[in-house]
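Colleague:
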Amino acid sequence: MAIDGIRSPFRFEGVIRQSVHDLKYHNLRAISGCLAELMASYLREAPILADVLVPVPIHLRRLRERGYNQSVLLARELGKLIDLPVVADCLLRIKDSLPQARTTNVEERQRNVSGAFACKDERLSGCQVLLIDDVSTSCTTLEACATALKSAGAFSVYGLTLAREILTKEIKLWN
20 MAIDGIRSPF RFEGVIRQSV HDLKYHNLRA ISGCLAELMA SYLREAPILA
70 DVLVPVPIHL RRLRERGYNQ SVLLARELGK LIDLPVVADC LLRIKDSLPQ
120 ARTTNVEERQ RNVSGAFACK DERLSGCQVL LIDDVSTSCT TLEACATALK
170 SAGAFSVYGL TLAREILTKE IKLWN
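Here the numbering used here is used: the first residue of the sequence shown is 20, the next is one more, and so on.
1) Who does S175 pair with in a DSSP beta bridge?
2) What's the C-alpha gap between V105 and V73?
3) In the DSSP output, which residue or residues are listed as bridge partners for D152?
4) Evaluate K139 with the Cβ neighbour count: other Cβ atoms within 10 Å of its Cβ, from every protein chain shown; 16 or more gives buried, anything less gives exposed.
5) Please classify V148 as buried or exposed, where buried requires at least 16 other C-beta atoms within 10 Å of its C-beta.
6) Give the DSSP-derived three-state secondary structure of T187 in the structure shown.
7) In angstroms, rounded to a whole number, what distance separates the CA positions of L42 and I50?
8) Residue ranges of each beta strand (DSSP E) run of no fewer than 3 residues wholly in the stretch 64-109, ordered along the chain?
9) If you follow the beta strand (DSSP E) that C164 is part of, which residue opens it and which one closes it?
See below:
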């Protein structure tokens, strides 16, 4: 596995699930600061060593449709709160595939993101990267991002998501 570990302060259910959906699908960008504060509070209690925050990118087509990337919003707000730089233009989503939420199982999710990410340069070489996303259901997106980041020289890649769903295959990744 390329990802060194994944942490999430919340389960993907109830009010957190609704908040993620509001941020992601209902253009409620204003809550990104509150959600980032929850992530920052978690990191203050359970720190992860990192030099830089890197948001999980979305494909340019989806960015045009939605108008924003919720992971970038979370990363920028979190970066301000924990005083870490955000590098949002190095890791790219180069494959336009189905949203992971529309896949039915872990194997389909793995195929869906295989080769989907690449780094445009090696400026994160030697860095300890904290990869930021809103939710992780199967770890496949974070794993694919970590593979691209480590191929470009990142020293370590940990994932931090606001929420998660635990599936049997991924339990070992959660710290």
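From the three backbone atoms N, C-alpha and C, an ideal C-beta is built for every residue, glycine too.
Modeller: In short:
1) Taking the sequence shown and counting its residues from 1, one reaches residue 175 at position 156. Within the DSSP bridge table, the entry for S175 names Q147 as partners.
2) Locating residue 105 in the sequence shown gives position 86, where the first residue counts as 1. Locating residue 73 in the sequence shown gives position 54, where the first residue counts as 1. Near 6 Å, if we compare the C-alpha coordinates of V73 and V105.
3) Here residue 152 is taken as the residue at index 133 of the sequence shown, counted from 1. The partner list for D152 (beta bridge, DSSP) reads T180.
4) The residue labelled residue 139 in the question sits at position 120 within the sequence shown. So K139 ends up on the exposed side.
5) If you number the sequence shown from 1, residue 148 lands on position 129. Buried: at least 16 other Cβ atoms inside 10 Å.
6) By one-based count along the sequence shown, residue 187 stands at place 168. Since pLDDT at T187 reaches only 42, below the 50 mark, its modelled position is unreliable, and the value read off the structure follows with that caveat. Per DSSP, reduced to three states, the secondary structure at T187 is helical.
7) Taking the first residue of the sequence shown as 1, we reach residue 42 at position 23. Taking the first residue of the sequence shown as 1, we reach residue 50 at position 31. Looking at the two C-alpha atoms, the distance is approximately 7 Å.
8) The qualifying runs are 71-74.
9) As a position in the sequence shown, residue 164 is number 145, starting the count at 1. It is not in any beta strand (DSSP E) - C164 instead sits in the alpha helix (DSSP H) that spans T159 to S170.
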